[in-house]
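Here the structure comes first, spelled out in structure tokens, and everything after it is commentary.
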Amino acid sequence: MLTKIRYVFALTLFWVSSTVLTRAEDAPFGLSWGPVTTVPRPSMIDREANITALFYFHDQPPASGRDTQQVVLEVCQAEGLQQIIWVSRTFAESEIPPAYAAIYQEGIRRYGEPRVGGTPQATVWPDGRTLLAVRPVVGGGKRIIMVASGELYERCSLAHKAATGHPATVHTSDLLEPWERRTAP
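Numbering (mature numbering (1 follows the signal peptide of the UniProt record, and there is no 0)), first residue to last: -22 to -1, 1 to 163.
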């Protein structure tokens, strides 16, 4: 499967400059869809039906930004790379506004004005197929989560539903749910 991934899609890393506490390049803005040459070796791999999730933990490219805790690449069997999930480190309450603002402003620069998302503390850029959210962390603090989806993600999600009984969107939705309502660990 990893070989197929290499020949279907890969990530091209590039950096964006910012002088705010959290730099926008720490979010998935530093990741993009692109031609394939290599896929970094993941920290962990999880597979369910037609989707392989490649997990990259802090300090392992592409999860190498100072405020990055984890990056997850969801690769669909037929559609290739279709979702990038970026999870920040845990921030103190006072650190969230400048960290969020840097990423939010970069989102506006790239995709235009967002709309309020369907979940609390979430913003969506429909043209960029990107969601930005803030979530509390058990034990205190908050994390910023950003999800960018490819053009064929919905098709991949439907194939996932046919194979498992639930759409792929359930996994991302669960990540965005408050802790007390989550169905997964």
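C-beta: ideal position from N, C-alpha, C; glycine also. Just so you know, these numbers come straight off a predicted model, no measurement behind them.
At the level of alpha carbons, what is the spacing between residue i and residue j?
| i | j | result |
| --- | --- | --- |
| Tyr131 | Pro20 | 21 angstroms |
| Asn28 | Pro114 | 31 angstroms |
| Tyr34 | Met22 | 7 angstroms |
| Ala141 | Arg87 | 38 angstroms |
| Asp105 | Arg93 | 11 angstroms |
| Thr147 | Glu52 | 11 angstroms |
Could you tell me which residues DSSP pairs with residue i in its beta bridges?
| i | result |
| --- | --- |
| Leu59 | Val53 |
| Thr46 | Ser66 |
| Arg25 | Thr30 |
So, under 8 angstroms CB-CB, residue i and residue j are touching, yes? Tell me the CB distance rounded to an integer number of Å.
| i | j | result |
| --- | --- | --- |
| Gly95 | Ala111 | 7 angstroms |
| Gly128 | Gln61 | 7 angstroms |
| Arg121 | Ser42 | With 8 angstroms as the limit, Arg121 and Ser42 do not qualify as a contact, their Cβ atoms being about 17 angstroms apart. |
Can you name, in chain order, every residue of its own chain whose Cβ lies under 8 angstroms from the Cβ of residue i, other than the five neighbours on each side?
| i | result |
| --- | --- |
| Gly119 | Thr68, Phe69, Ala70, Glu71 |
| Gln99 | Ala111, Val112, Arg113 |
| Gly90 | Trp103, Asp105 |
Grab me the residues of residue i's own chain with a C-beta within less than 6 angstroms of its C-beta, minus the 5 sequence neighbours each way, in chain order.
| i | result |
| --- | --- |
| Pro13 | Annotation note: pLDDT 41 at Pro13 (below 50); position unreliable, no value reported. |
| Thr(-1) | Summary for Thr(-1): the model assigns pLDDT 44, below 50, so the residue's position carries little reliability, and this model does not support an answer. |
| Met(-22) | Caution applies to Met(-22), whose pLDDT of 44 falls short of 50 and renders its modelled position unreliable; the value that the coordinates give is listed next. Here the set comprises Thr30. |
| Thr150 | Val125 |
### Task
Can you check the stretch 73 to 111 for any alpha helix (DSSP H) of at least 4 residues that lies completely inside it and give the ranges in chain order?
74 to 89
### Query
What runs of the beta strand (DSSP E), each 3 residues or longer, lie entirely inside the stretch 112 to 138?
120 to 127
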